[in-house]
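Q: My questions will all concern the structure given below.
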Amino acid sequence: MLDFARIPAHVALVMDGNGRWAAKRGLPRLSGHNAGMAAMKKIVERASQLGVRHLTVYAFSTENWKRGGDEVSGIFRLLILYVDRELAELHGNNVKVHILGDYGKLPPDAVASLEKSLETTKGNTGMQFNIALNYGSRLEILRGARALAEKVASGRMDADGIDEAAMSDSLYTAGMPDPDLVIRTSGERRLSNFLLWQSAYSEFVFSDALWPDFGPDEFDRAIEEYQGRARRFGGR
Ligand code: FPP
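With the working numbering as the guide, the letters of the sequence shown map in order to residues 1298 to 1533.
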């Protein structure tokens, strides 16, 4: 049974398996992403209902540009469709949209759509929905390190001031709690350049379900598994 008093504050998701889901049905990869988008919508609703404070999804990595141009542009079209269809409901549910990653490099219509979602929901106080887009954790850490180095070089900061808090504050996730739980679907057990710094003490739950098949029941089960773990943060 889910313990509603111990819902993780921050859940991060690696939504893997859309391509295999489509291949199993003889469908194009984009049909898998379309089904993945529908799955994402349901998980956002469930997480918000459960009282998760931050839900972070890995939607497009800095490495995903290597995929065929049609697949890449198709994913961005789906993203625009998602915002068009869901923004009113997200806003109605008091969800605040936030983007992690260098999303300015996405096609201009996708950037405009994302900015509309940021603007519309900026005052909301419910769950924060973090969409990682053109996100890579190593690059995020490098950007943060450079920003700190510039502060030191210009005399605005001492090198001694570069501590864990300063580093955390220089990442895309500044001000957010670290993820308590990272879920990856499709049976793969890798982090794939996602939240490397932030997941130092996260619990990991791996599901064999392909992402489009990962529904609210699987999400609840992952949280139950998390609740059954003893977190020690390096202590005894
Ligand atoms: C991984 O599956 C999924 C992605 C790279 C894209 C994630 C996109 C969505 C869930 C839908 C669109 C929603 C937004 C917000 C853009 P994969 O293609 O790597 O699957 P495979 O490993 O089976 O090939």
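Every residue gets a Cβ at the ideal spot worked out from N, C-alpha and C, and that includes glycine.
(1) Here's the rule I'm using: 16 or more other beta-carbon atoms within 10 Å means buried, otherwise exposed. How should proline 1476 be labelled?
(2) Closest to glutamate 1386 by C-alpha separation, out of Met1424, Asn1315, Asp1514, Pro1325, would be which residue?
(3) Using the three-state DSSP reduction, which class does tyrosine 1523 fall into: helix, strand or coil?
(4) Using the Cα positions of arginine 1322 and methionine 1337, report the straight-line distance between them to the nearest angstrom.
(5) Rounded to whole angstroms, what's the CA-CA distance from histidine 1307 to valine 1349? Just pull it up for me.
(6) Can you grab the Cα-Cα spacing for the pair alanine 1506 / phenylalanine 1516, in whole Å?
(7) In the DSSP assignment, find the unbroken beta strand (DSSP E) run with threonine 1470 in it and report its ends.
(8) Indicate the three-state DSSP secondary structure (helix, strand or coil) for glutamate 1360 in the structure shown.
(9) Determine the extent of the alpha helix (DSSP H) in which phenylalanine 1373 is found, giving its start and end residues.
(10) Would you mind listing the alpha helix (DSSP H) stretches within the stretch 1487-1517 that are 4+ residues and don't spill past its ends, in chain order?
(11) Between glutamate 1437 and the rest of its own chain, which residues show a CB-CB distance below 7 Å, the 5 nearest in sequence each way excluded?
(12) Please classify leucine 1327 as buried or exposed, where buried requires at least 16 neighbouring CB atoms within 10 angstroms.
(13) Measuring from the CB of glycine 1333, is there a heavy atom of the ligand FPP at a distance below 6 Å?
(14) Excluding sequence positions up to five away, which residues of its chain have a Cβ less than 8 Å from the Cβ of proline 1513?
(15) How about glycine 1398 and leucine 1445: are their beta carbons less than 7 Å apart?
A: In short:
(1) Position 179 of the sequence shown, counted from the first residue, corresponds to residue 1476. Classified as buried, proline 1476 has 16 or more neighbouring CB atoms from the shown chains inside 10 Å of its CB.
(2) Start at 1 with the first residue of the sequence shown, and residue 1386 comes out as number 89. It is Met1424 whose Cα lies nearest to the Cα of glutamate 1386.
(3) For the purposes of this step, residue 1523 is taken as the residue at position 226 of the sequence shown. Note: tyrosine 1523 maps to helix in three-state DSSP.
(4) On the sequence shown, residue 1322 is found 25 positions in, with the first residue counted as 1. On the sequence shown, residue 1337 is found 40 positions in, with the first residue counted as 1. The straight-line gap separating the alpha-carbon atoms of arginine 1322 and methionine 1337 is approximately 20 Å.
(5) One-based indexing of the sequence shown puts residue 1307 at position 10. One-based indexing of the sequence shown puts residue 1349 at position 52. Looking at the two C-alpha atoms, the distance is approximately 6 Å.
(6) Taking the sequence shown and counting its residues from 1, the one referred to as residue 1506 is at position 209. Taking the sequence shown and counting its residues from 1, the one referred to as residue 1516 is at position 219. If I take the Cα positions, the gap works out to 11 Å.
(7) For the purposes of this step, residue 1470 is taken as residue 173 along the sequence shown, with counting starting at 1. Neither: threonine 1470 is in no beta strand (DSSP E) and is coded neither H nor E.
(8) Taking the first residue of the sequence shown as position 1, residue 1360 is located at position 63. Note: glutamate 1360 maps to coil in three-state DSSP.
(9) As a working note, residue 1373 is residue 76 in the sequence shown. 1366-1389 is the span of the alpha helix (DSSP H), which, as asked, contains phenylalanine 1373.
(10) For the alpha helix (DSSP H) assignment, the stretch 1487-1517 encloses no uninterrupted run of at least 4 residues.
(11) Numbered from 1 along the sequence shown, position 140 holds the residue referred to as residue 1437. Excluding residues within five positions, the ones whose Cβ falls inside 7 Å are Leu1468, Tyr1469.
(12) Your numbering for residue 1327 matches position 30 in the sequence shown. The residue in question, leucine 1327, is buried, as its Cβ has 16 or more Cβ neighbours within 10 Å.
(13) Translated into positions along the sequence shown, residue 1333 becomes position 36. It does: the Cβ of glycine 1333 is within 6 Å (strictly closer) of some heavy atom of the ligand FPP.
(14) Walking along the sequence shown from the start, residue 1513 turns up at place 216. Hits under 8 Å: Lys1339, Ile1340, Glu1342, Arg1343.
(15) Locating residue 1398 in the sequence shown gives position 101, counting from the first residue. Locating residue 1445 in the sequence shown gives position 148, counting from the first residue. Their beta carbons are not under 7 Å apart, which means glycine 1398 does not touch leucine 1445 by this criterion.
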